[in-house]
Every structure is written in structure tokens, then in C-alpha cells.
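Student:
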Amino acid sequence: MSEQAQRTLPEQLDYLEFTDRTEELVKAGRLDREAVRTLAAMADESRSQEEFLARLRTGGPRMMGATEYRYLVTTLVTPEGQRPDTWEESAVYVRAFGADPYATLTIERQQQMEQDRQLLAAPSYS
Numbered sequence: 196m197s198e199q200a201q202r203t204l205p206e207q208l209d210y211l212e213f214t215d216r217t218e219e220l221v222k223a224g225r226l227d228r229e230a231v232r233t234l235a236a237m238a239d240e241s242r243s244q245e246e247f248l249a250r251l252r253t254g255g256p257r258m259m260g261a262t263e264y265r266y267l268v269t270t271l272v273t274p275e276g277q278r279p280d281t282w283e284e285s286a287v288y289v290r291a292f293g294a295d296p297y298a299t300l301t302i303e304r305q306q307q308m309e310q311d312r313q314l315l316a317a318p319s320y321s
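With this note's numbering, you'll find the sequence shown wraps up at 321, consecutive numbering, no jumps.
Structure follows, in C-alpha cells:
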């Protein structure tokens, strides 16, 4: 069993900096205390990080802005070193790619399919 799996969900959220980022957003006035209570309730009701992420993806966009949502979600789904380090970095991403992460994935998937199609259609000189 990995070290990450041995941690409780609150310990995992602390380790992944989710809790720190939540407090950072509160201090900056970008997230209210009611949203923090709702996030805590989601964590209490969840048995795993994956379940918490599912709850966050369902309820999160309704209680915070797109940038704040992305800034928090990236702690759970993005490897360290690739996460936005600041709220401002998250804002740049949202302005560039939009608020809906699923739409972004769909666009990336369509681009990859088009690249694959072009590779298959290109003449082979072997």
C-alpha cells in the first residue's frame, strides 16, 4: 500500500495543498466561509480522494468561480510541478481555455484525432 493511500482524506488534502489553497482563496476574498464549510462537509462525507473529487466536480462550480475551482481541482488531478502555483496562473488558463475542463479535454481529444487522421492520410515513402 502506498504512503498516499495510508493517509486519511484530510491528511491527503493537506499533503496535496488543497487546504492551503482553500485558505489562500479565503484570505484573498475569492472564496467565502460558507463554501469552505461545504468543502469540509464534502470531505467528511467522502471515503476516498476520488469520491471527494467527484463531489467537488459536481458541486464546486456552483459555489465558486471557474478560476477558483480550477485552482483547487488541480491539486487533486494534476501532478506536482505541473499545477498552477498561483491563482493568477489558474486565471490565465481559464481565460485561454475556458471554464469547462471537460470541454477542454474534448477539444484536445478532437485535435489529437485530427493529427492522427492526418498522419494516416499522409503518403508513406518507405
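Glycine included, C-beta positions come from ideal geometry on N, C-alpha and C.
Residue 196: buried (16+ other C-beta within 10 angstroms of its C-beta) or exposed?
Tutor: For the purposes of this step, residue 196 is taken as residue 1 along the sequence shown, with counting starting at 1. Since pLDDT at residue 196 reaches only 48, below the 50 mark, its modelled position is unreliable, and no value is offered.
Student: By the three-class DSSP mapping on this structure, what secondary structure does residue 196 have?
Tutor: As a working note, residue 196 is residue 1 in the sequence shown. Low confidence applies here, because residue 196 scores a pLDDT of 48, under 50, leaving its location unreliable and the question unanswered by this model.
Student: Under a Cβ-count criterion, where at least 16 other Cβ atoms within 10 Å of its own Cβ denotes burial, should residue 285 be classed as buried or exposed?
Tutor: Against the sequence shown, residue 285 aligns to sequence position 90. Residue 285 is buried by the Cβ-count criterion.
Student: Is the distance from the Cβ of residue 250 to the Cβ of residue 240 below 8 Å?
Tutor: Residue mapping note: residue 250 aligns to position 55 of the sequence shown, counting from 1. Residue mapping note: residue 240 aligns to position 45 of the sequence shown, counting from 1. Yes.
Student: Can residue 213 and residue 270 be called in contact, C-beta distance under 8 Å?
Tutor: Sequence index remark: in the sequence shown, residue 213 carries index 18 (1-based). Sequence index remark: in the sequence shown, residue 270 carries index 75 (1-based). Cβ atoms of residue 213 and residue 270: closer than 8 Å.
Student: Start and end of the alpha helix (DSSP H) containing residue 256?
Tutor: Working through the sequence shown from its first residue, we reach residue 256 at position 61. Taken as a continuous stretch (DSSP letters only), the alpha helix (DSSP H) holding residue 256 covers 244 to 258.
Student: Taking the alpha-carbon of residue 258 as reference, which of 210, 228 and 315 has the nearest alpha-carbon?
Tutor: Within the sequence shown, the letter at position 63 stands for residue 258. Nearest C-alpha to residue 258: 228.
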